[in-house]
Amino acid sequence: MNHVVKHIITRGSILFLLMVISVPVGLSTLPANRRCGTGDILSVIAWFLLFHMLWTLGLLIELFFLHKKRQLVERNSNLIMALTLPLFLAFL
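Per the numbering used here, residue 818 is the first one in the sequence shown, and the count goes up by one each step.
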């Protein structure tokens with residue numbers, strides 16, 4: 818498998834892991850005796866957006882170091898992932 822494909826799959830799996838982690842973290846911030854549908858989903862979405870911002874920031878920091886190493890294909894894939902995935906999530 819190409820190293821660029823491995824790079825993209827690794828970053829995508831990290832995002833998926835953060836999406837999975839955001840659900841229990843978001844639900845754990847709510848009081849146990851008061852659960853409503855709107856509050857649950859808003860809490861999960863807020864944590865997901867926080868984790869997604871951290872993931873995007875990590876991609877942009879890695880993009881800087883990949884640029885210094887002259888790994889341009891990986892740099893461009895990080896740039897595309899950092900800029901297009903928030904748009905896809907906004908349209909969902």
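Every residue gets a Cβ at the ideal spot worked out from N, C-alpha and C, and that includes glycine.
Whole angstroms is fine: what's the gap from Asp857's alpha carbon to Gly843's? 7 Å
By the DSSP assignment, the alpha helix (DSSP H) with Thr827 in it spans what residues? 820-845
Of the choices Phe881, Ser839, Leu876, whose alpha-carbon is the least far from that of Met898? Leu876
So what does DSSP say about Arg887, is it helix, strand or coil? coil
Leaving aside the five residues before and after His824 along the sequence, list all residues of the same chain whose C-beta is less than 7 Å from its C-beta, in chain order. Glu891, Ser894
Relative to the C-alpha of Leu871, which residue among Pro841, Val821, Met836 is closest? Met836
I think Thr846 touches Ser830, with their Cβ atoms under 8 Å apart; what is that distance to the nearest whole Å? About 25 Å separates the two Cβ atoms, so there is no contact after all.
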